[in-house]
Amino acid sequence: MKRILVIFGIYFGLLVFSATFTIPVEAGRVEVPVVVQMGSLVDMVSEDFEPDWTSLRVLVEGKEVPFQIEDVDGNGRISAPDYLVFIGKGKSQIVVQDTPRKAVVYPKAFSVTKHDKGWNVKTIDGNLEVEINDRGLVQVTQFGNVKAKLVDEIGIARVSGWFNSTYYVDGKLRDHHEETSGAFRIVSLKVLDPGPVAVCVVAILKSEKFNGLKQELVTHIFKNGDILVDNKFVFETYADMMKVQTMITRPIIPAFDDTVHILPVFRRLVWADQLNITPYEYWYQRNAITWINNVPYITFPAGNSMKPLWWGATYIFASMERWRSNFSVKGNVGVAEILPEIPVVYADYKKWLDGDTWVYESLEFRDGVFKWMPGEFDAYPSTTGVYSMKVEDMPNRYKAGDIVQHLRLFTLYSAKSVEEAVKFIEAKSESFRSLKIGE
Numbered sequence: 009m010k011r012i013l014v015i016f017g018i019y020f021g022l023l024v025f026s027a028t029f030t031i032p033v034e035a036g037r038v039e040v041p042v043v044v045q046m047g048s049l050v051d052m053v054s055e056d057f058e059p060d061w062t063s064l065r066v067l068v069e070g071k072e073v074p075f076q077i078e079d080v081d082g083n084g085r086i087s088a089p090d091y092l093v094f095i096g097k098g099k100s101q102i103v104v105q106d107t108p109r110k111a112v113v114y115p116k117a118f119s120v121t122k123h124d125k126g127w128n129v130k131t132i133d134g135n136l137e138v139e140i141n142d143r144g145l146v147q148v149t150q151f152g153n154v155k156a157k158l159v160d161e162i163g164i165a166r167v168s169g170w171f172n173s174t175y176y177v178d179g180k181l182r183d184h185h186e187e188t189s190g191a192f193r194i195v196s197l198k199v200l201d202p203g204p205v206a207v208c209v210v211a212i213l214k215s216e217k218f219n220g221l222k223q224e225l226v227t228h229i230f231k232n233g234d235i236l237v238d239n240k241f242v243f244e245t246y247a248d249m250m251k252v253q254t255m256i257t258r259p260i261i262p263a264f265d266d267t268v269h270i271l272p273v274f275r276r277l278v279w280a281d282q283l284n285i286t287p288y289e290y291w292y293q294r295n296a297i298t299w300i301n302n303v304p305y306i307t308f309p310a311g312n313s314m315k316p317l318w319w320g321a322t323y324i325f326a327s328m329e330r331w332r333s334n335f336s337v338k339g340n341v342g343v344a345e346i347l348p349e350i351p352v353v354y355a356d357y358k359k360w361l362d363g364d365t366w367v368y369e370s371l372e373f374r375d376g377v378f379k380w381m382p383g384e385f386d387a388y389p390s391t392t393g394v395y396s397m398k399v400e401d402m403p404n405r406y407k408a409g410d411i412v413q414h415l416r417l418f419t420l421y422s423a424k425s426v427e428e429a430v431k432f433i434e435a436k437s438e439s440f441r442s443l444k445i446g447e
């Protein structure tokens, strides 16, 4: 709910009326990143109120906290594409007046050094260090007391499809190709000036093979170990695509050989459906269930394929859940992927498979569209006929103007046990999913 508080003050013997507009921000009890474009903030302000952005302040649970406004378009002034960024929890407020005020300046939390292959970013307190490569992808090399490559290529895209498709002309798909962001052409890449809470990387990349496929990647690296990724796939022409995925690679393993993979039990797993059992039973048969607070979680060695029913992935054609994580007891460190909302699992199998699903393969977290429907679907009565086995029926077909967007929070954390890790991630994910701005 929008609230206006009118404050009266006397300045230099004159009565001056100063109005204040407050935009509420709510989250759970654990700190989470807040990133909002200034254009969106303006839309939340009453039409009869003229904000002076020099007066902007952020209060978290009644206490003023550091924030930053990022000049994304580089025009030297506050404008719609720019971001307001801070770390919030509980009840917060974005407060702005209609009269000027001396803009507050907070100490920077990061040092940023350019080198031949990209950028080195360190927090001033020595808690976090990352490398940013020439595609805007992030590698974490230190968190807390742990110095190791803890996760790599945060935000990398994996795409595949029929790049010369003439399907709507003659029904032919023609040539197939698969690639990652590493093969994309750099349109623009900016590491914005560091602020008191985060460093922002804005990368625009284009596929040379898939004409008209653009990746717009905005990554915020927060001083507390949160890394917020906003990854957009923008289609400027027609495309027949088999994969449209956002990934991270090598999370925690191989830095620590005791790394385990943890996540809530899937609501749907194709292999379980084919065996006419539940996903819980599928993982229980593999001795991969851990109970915490009377809730079952899938837990298994991160480098173990876990005897999949078919295919080489540890899991594939699996429902996206609220979070998943790799964690090492030996290192007391983990990285979790947290979703901003829990996706719907449609009863219609085809509709579900046409959307985003989860894959864990080759030490990679993969999110997104995966359309290679193997013959094993028709080898089991439970999934026979749920999807056409004709290759020309499989691709997702995008038209000019379509956008596929993945907003993901990847968070580094410290814990001493699987139980402690799960309790932390559950609280963090609940807080992130409950984030509301201006409501």
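Sequential numbering of the sequence shown, starting at 9, is according to this note's numbering. Even for Gly, the Cβ is constructed at its ideal location relative to N, Cα and C. Source: prediction; values computed, not measured.
Residues in the same chain with beta-carbon distance under 7 angstroms from Thr-174, minus the five sequence neighbours each way, listed in chain order, please.
So the list reads Lys-180 and Arg-182, once near-sequence residues are dropped.
Between which two residues does the beta strand (DSSP E) holding Glu-434 run?
For Glu-434, there is no enclosing beta strand (DSSP E); the residue is part of the alpha helix (DSSP H) that begins and ends at 426-441.
Should Trp-279 go down as buried or exposed, given a rule of 16 or more other Cβ atoms within 10 Å for buried?
Answer is buried; the Cβ neighbour count reaches 16.
To the nearest angstrom, how far is the alpha carbon of Ile-164 from that of Thr-257?
Each residue's Cα considered, the two are about 9 angstroms apart.
Using a Cβ-Cβ cutoff of less than 6 angstroms, which residues in the same chain neighbour Arg-109 once the five nearest sequence positions on both sides are dropped?
Non-local C-beta neighbours of Arg-109 in its own chain, meaning closer than 6 angstroms and more than five positions away in sequence, comprise Thr-62 and Ser-63, ordered along the chain.
Name the one or two DSSP bridge partners that Tyr-406 has.
According to the DSSP secondary-structure assignment, Tyr-406 is paired through a beta bridge with Ala-247.
At the level of alpha carbons, what is the spacing between Val-209 and Leu-145?
Val-209 and Leu-145: Cα-Cα distance of roughly 9 angstroms.
Leaving out the 5 sequence neighbours to the left and right, which residues in its chain are closer than 6 angstroms to Phe-29 when beta-carbon positions are compared?
So the list reads Ile-12, Val-53, Phe-57 and Val-104, once near-sequence residues are dropped.
Apply the 10 Å Cβ neighbour rule to Leu-22 and answer buried if 16 or more other Cβ atoms are within range, or exposed otherwise.
With a pLDDT of only 38 at Leu-22, under 50, the local geometry of the prediction cannot be trusted, and the value read off the model is given with reservation. Label assigned to Leu-22: exposed.
Helix, strand or coil for Glu-161 per DSSP?
Looking at Glu-161 - three-state DSSP - the assignment turns out to be strand.
Could you round the C-beta distance between Lys-157 and Gln-147 to whole angstroms and report it? I think they count as a contact, below 8 angstroms.
Going by Cβ atoms, the distance from Lys-157 to Gln-147 rounds to 6 angstroms, so yes, they are a contact pair.
Spatial neighbours of Ile-132 within its chain, please: C-beta separation below 8 angstroms, excluding the five flanking residues on both sides.
So the qualifying residues of the chain are Pro-115, Lys-116, Ala-117, Phe-118 and Ser-119.
Looking at the structure shown, is Trp-170 part of a helix, part of a strand, or coil, going by DSSP?
It is a strand residue.
Ignore the nearest five residues each way along the sequence and tell me which others in Ala-408's own chain have a CB closer than 8 angstroms to its CB.
Contacts found: Gly-220, Phe-243, Glu-244, Thr-245 and Tyr-246.
Beta-carbon within less than 8 angstroms of Leu-200's beta-carbon, same chain only, minus the 5 sequence neighbours each way: which residues are those?
Closer than 8 angstroms at Cβ, skipping near neighbours: Glu-78, Asp-79, Val-80, Val-207, Cys-208, Val-209 and Val-210.
Would you report the Cα separation of Gly-152 and Arg-37, rounded to the nearest angstrom?
Gly-152 and Arg-37: Cα-Cα distance of roughly 22 angstroms.
Based on the DSSP secondary-structure assignment, which residues constitute the bridge partners of Gly-152?
Here Gly-152 is not bridged, per DSSP, to any residue.
Measuring straight from C-alpha to C-alpha, what distance separates Ala-355 and Ser-390?
Ala-355 and Ser-390: Cα-Cα distance of roughly 13 angstroms.
Phe-432 to Leu-49, Cα distance in whole Å?
Taking the straight line joining both Cα atoms gives about 31 angstroms.
Element boundaries [beta strand (DSSP E), containing Lys-198]
The continuous beta strand (DSSP E) containing Lys-198 extends over residues 193-199.
Short Cβ contact (8 angstroms threshold) for Ile-260 with Phe-335
Contact: yes.
Does the Cβ-Cβ distance between Leu-443 and Val-43 come in under 8 angstroms?
Going by C-beta atoms, Leu-443 is not nearer than 8 angstroms to Val-43.
Count the CB pairs spanning the stretch 417-430 and the stretch 387-402 that are closer than 8 angstroms, and state whether there are at least three.
Contact between the stretch 417-430 and the stretch 387-402 is absent: fewer than three C-beta pairs spanning the two stretches fall below 8 angstroms.
List, from N- to C-terminal side, the beta strand (DSSP E) runs of 3 residues or more that fit wholly inside the stretch 264-292.
List check, beta strand (DSSP E) in window: 268-272.
By the DSSP assignment, the beta strand (DSSP E) with Trp-380 in it spans what residues?
Where Trp-380 is concerned, there is no enclosing beta strand (DSSP E), given that its DSSP letter is neither H nor E.
Determine whether the beta carbon atoms of Val-237 and Leu-213 lie at a separation below 8 angstroms.
Contact flag unset, no.
To the nearest angstrom, how far is the alpha carbon of Pro-32 from that of Ile-445?
Their backbone Cα atoms lie some 6 angstroms apart in a straight line.
Taking C-alpha atoms, which residue in Val-177, Asn-141 and Gly-169 lies nearest to Glu-161?
Taking only the C-alpha atoms, the option nearest Glu-161 is Asn-141.
Is it the case that the Cβ atoms of Val-343 and Val-159 are separated by a distance below 8 angstroms?
Yes, Cβ-Cβ distance for Val-343 and Val-159 is below 8 angstroms.
Rounded separation between Lys-122 and Pro-202 - CA only
The alpha-carbon of Lys-122 is positioned some 13 angstroms away from that of Pro-202.
Buried or exposed, going by whether 16 or more other CB atoms sit within 10 Å of the CB of Ser-425?
With fewer than 16 neighbouring CB atoms inside 10 Å of its own CB, Ser-425 falls in the exposed class.
CA-to-CA distance, Thr-419 to Gly-233, given in whole angstroms:
Computed Cα separation, rounded: 6 angstroms.
Considering only the alpha carbon of each residue, which of Thr-365, Asp-106 and Ile-346 lies closest to Val-352?
That would be Thr-365, whose Cα lies nearest to the Cα of Val-352.
What are the residues that DSSP puts in a beta bridge with Leu-67?
Answer is Glu-72 and Gln-101, bridged to Leu-67.
In whole angstroms, what is the alpha-carbon distance linking Asp-410 and Val-377?
Whole-angstrom Cα-Cα distance: 14 angstroms.
Using the three-state DSSP reduction, which class does Phe-57 fall into: helix, strand or coil?
DSSP places Phe-57 in coil when its eight states are reduced to three.
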